[in-house]
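For reference, the structure is listed below as structure tokens.
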Amino acid sequence: MSVCRLSVQSDKDGEPVAVDLALPSGTPIGALLPTIVALTEQHPDETPRGWRLDRLSGTPLDESISLAENGVHDGELLVLAASGAPSIGPVRWGSFRTVTEAASPEHVSPFLPVATCVWTAVLASLAFCKSLAGHPGIELLVAAIGTCVAAVMAVAGRSAAAAMAAVSLAASTGFLTVPSGPGPANVFLAAAAAACMSLVLLRWTERSASKLVATGTFSGLVAVAVVVPVITVVPVASVGAVLGVAALGTLGLSGRMAILLSGLTVDQHAEIDGRAIRAHATLTGLVAGCSGAAALGTILVAVGCHRYGAPSLPSTGFAAVIGVALLLRVRTHVDEVRRRALGIAGLVSVSASFATFVTAHPAHTGWVSAALIAIGLGAARPPQPTTVTVRVADVMECAALVAAFPLACWVGGVYALVRGASLP
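Each residue of the sequence shown is one higher than the one before, counting from 6 in our numbering.
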């Protein structure tokens, strides 16, 4: 009888053990299994159970026929496993796959209490800011106390609603701190206070990480856009243009920022699941915050055009470009929260562009509305992406990103300033 020389790998006390064996190739595998188990020192008498032989691909061998009939040749490596153990298969693990498939655990919370907490805090914050023209001393004290109480509740109870309330009340406290107003200084201090509160709570409340990252990103971008108006007079449209471009640039870097902030690196594999979940939450917050800031920028540009005489053509183009860039960015994300944030912000920006154009050029409302209806009906069809459409979308997104900065300079009056400075 011919002999088949092969290696059998098994698990012994949690460690892989390989044994080189010479087995008769014509004997049924079922008759060889007791000998193989004994040679691999599995001690079947102590733990009585069934055994099987698997290939490296995970395919089990038929015990009723021989090694030769199973197609086993010299030099092969077989795996001895318990009959109840799952079959092995292709190795699919990788840090990139772990990050991609990681998802934060679902926390089901009642909607009405959470919405009530956030809504009352936002409503009170708006009322505090409205009372700045009177005697804001009492309102400032109430807002500060409310901020402290909400922050303590957020940290002690790990409540996302209390965290959002604390951020909102912190913004109103910062707004009321500046006595002369309302003005850019009030907005700047409100945004700075909200960003600081978001960062502080982010250190202590992990459950609301994505929401706090979103509020911190949004507030930080607003604070950056309002720095110059605090020093000198700047048109509203210029502030909106700066805010939109800053948000779009930060959105492009959101993926790399999420990797850096969560500690995901190529050479670190320990506890990657936790860091992957943090990376997802951070990316969601960055995308949501940047999307909201970009939409606010287009709204400010539209307001500047309608009320303060900013040029309508660049304002319309800027809002449209921001909206197109946000809507095309939706296809690059699989998370539903990020897709909705980008989609809503993109639609708001396109609406601002449409309102700006219709207000400035009412005679052309008909054909613009017809084009808008055609686009909406076309978007209602189920998407069937092809190679050509994907490439076209890539080119359109790149074109929108490239056009955003020149249009922002046009809206902000940079070209007019340079042209005026060059005159003798």
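Note that CB positions come from ideal geometry on N, CA and C, so glycine has one too.
* So what does DSSP say about residue 86, is it helix, strand or coil? -> strand
* Inter-residue spacing [alpha-carbon to alpha-carbon] between residue 297 and residue 255 -> 12 Å
* **Given residue 224 as reference, the closest of 283, 291, 166, 211 once Cα atoms are compared** => 291
* Hey, residue 319 and residue 423: beta-carbon distance below 8 Å or not? -> Taking 8 Å as the cut-off, the beta carbon of residue 319 is found no closer than this to the beta carbon of residue 423.
* Nearest neighbour of residue 380, chosen from 367, 414, 329, 342 [CA to CA] -> 329
* Between the Cα of residue 78 and the Cα atoms of 219, 28, 62, 117, which residue gives the shortest distance? -> 28
* Asked: Can you check whether the CB of residue 299 is closer than 8 Å to the CB of residue 350?
  -> yes
* Could you give the C-beta distance for residue 326 and residue 198, rounded to a whole number, given that I count them as a contact under 8 Å? -> With a Cβ gap of about 32 Å, residue 326 and residue 198 do not count as contacting.
* Asked: If you follow the beta strand (DSSP E) that residue 10 is part of, which residue opens it and which one closes it?
  -> 8-17
* Asked: For the ligand NAD, is there a heavy atom less than 7 Å away from the beta-carbon of residue 420?
  -> With respect to small molecules bound, the structure shown includes none, and the ligand NAD cannot be examined in it.
* Asked: If we ignore side chains and look at the alpha-carbon of each, how far apart do residue 228 and residue 240 end up?
  -> 16 Å
* Asked: Whose CA, out of 207, 194, 253, lies closest to the CA of residue 234?
  -> Out of 207, 194, 253, 194 has the C-alpha closest to the C-alpha of residue 234.
* Can you pull the DSSP bridge partners for residue 57? -> 86
* Asked: Looking at C-beta atoms only, is the number of pairs between the segment 39-46 and the segment 62-71 that lie closer than 8 Å three or more?
  -> In this structure the segment 39-46 does not lie against the segment 62-71, because fewer than three pairs of beta carbons, one per stretch, are closer than 8 Å.
* Under a three-way DSSP split, which group does residue 411 fall into? -> helix
* May I ask you to report which of helix, strand or coil DSSP gives residue 258? => coil
* Asked: Helix or strand or just coil, what does DSSP make of residue 416?
  -> Here residue 416 carries a helix assignment [DSSP, helix/strand/coil].
* To do: With DSSP as the reference, label residue 66 as helix, strand or coil.
  => Three-state result, residue 66: coil.
* Hey, residue 309 and residue 315: beta-carbon distance below 8 Å or not? -> yes
* Excluding five sequence neighbours on each side, which residues of the same chain lie with their C-beta closer than 6 Å to the C-beta of residue 145? -> 181
* **Buried versus exposed call for residue 126 [16 or more other C-beta atoms within 10 Å across all chains shown]** => By the 10 Å Cβ count, residue 126 comes out buried.
* Asked: Taking Cβ positions, are residue 461 and residue 269 nearer each other than 8 Å?
  -> Outside the modelled stretch of the chain, which goes from 6 to 429, sits residue 461, for which no answer is possible.
* Enclosing alpha helix (DSSP H) for residue 42 [first to last residue] -> 34-44
* What are the boundary residues of the alpha helix (DSSP H) that includes residue 339? -> Run containing residue 339: none; DSSP gives neither H nor E here.
* If residue 155 and residue 174 are in contact, beta carbons under 8 Å, what's the gap, nearest whole angstrom? -> 6 Å
* **Alpha carbon of residue 214 to alpha carbon of residue 201, nearest angstrom** => 14 Å
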